[in-house]
Amino acid sequence: LRLPEHHPRAAEGACDVFAYAIRHPDGLIVVDTGVGAGNEWIDELYRPSIVTIRAALNEAGLDERDVVAVINTHLHFDHCGQNAAFLGKPVYVQRAELDATADPAFTVSAWAIIPEPDLRAIDGDAIIAEGVRVVATPGHTPGHQSVVLEADDGTAIIVGQCCYTSEEFTNNNILAADMHDSTWIDPGKDSLRTLRDLTPRLAYFSHDATTYFTERTA
Ligand SMILES: [Zn+2]
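By this note's numbering, the letter at position 173 of the sequence shown is numbered 301, and the numbering carries on one by one without gaps.
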């Protein structure tokens, strides 16, 4: 995405948007689906160069037909833009995030609407599959959530946009400008602390390719 002037990170010029796929014994669980295509307002403002989620999965050696569930960290347009590629699969999202979409400026409504049969609305923390759970991490948006994976070799977290960079995660630091609005800075700090207290071995971010990494201690 090219970042427009009003964006809090405009000085950086552009940003990547990352989606993640969890290889689970039950099937693939996709976390976020990237930017969608064909929205005039987004095309004009952000000039996105779009990778289809199918192509992204294929590039990782994965097949979209193996996807069994989708988790949206939040419903900003660049995180749910290709949810429609997984029509008929359960989509896990916080109820507070669904409420936030009532404001038309929040996202691209057409991309954020989840068909009723697919919708799995969550209030707070929840187990999605064995070893996979979501943790409510409000701040960047009212219903932001992160994904915690318990693997044999330690805990990994898909942070999403609870903080923006790996460095912020390391330093336990978030920027007020990245929050939903100024009233969300304290909840945002609490959210980041919650994730750091899980002492993950790995953490991944929506807009930073750098993976947070700690050596295994045990
Ligand atoms: Zn966002």
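Backbone N, C-alpha and C define an ideal beta-carbon position, used for all residues, glycine too.
- Taking a cut-off of 5 Å from the heavy atoms of ligand 1, the residues with a C-beta inside it are His-204, Gln-289.
- In its chain, beyond the 5 residues on either side, Val-158, Val-159, Asp-160, Thr-161, Gly-162, Ile-181, Ala-184 have a beta carbon closer than 7 Å to the beta carbon of Ala-147.
- Checking the DSSP bridge columns, you'll see Phe-341 partnered with Leu-330.
- Nearest to His-268 by alpha-carbon distance, out of Val-275, Ser-274, Cys-290, Ala-254, is Cys-290.
- Annotation for Ser-319: the continuous alpha helix (DSSP H) segment containing it runs 313 to 325.
- Taking C-beta atoms as the reference points, Arg-130 and Ala-142 count as a pair closer than 8 Å.
- In the three-state reduction of the DSSP assignment, His-135 falls in the coil class, being assigned neither a helical nor a strand state.
- An exposed status is given to Glu-168, since fewer than 16 other beta-carbon atoms sit within 10 Å of its beta-carbon.
- The DSSP assignment places complete beta strand (DSSP E) segments of no fewer than 3 residues inside the stretch 188 to 244 at 195 to 199, 219 to 222, in order along the chain.
- Counted as a single uninterrupted DSSP element, the beta strand (DSSP E) harbouring Leu-277 occupies residues 273 to 279.
- By the Cβ neighbour-count rule, His-308 is buried, with 16 or more other Cβ atoms within 10 Å of its own.
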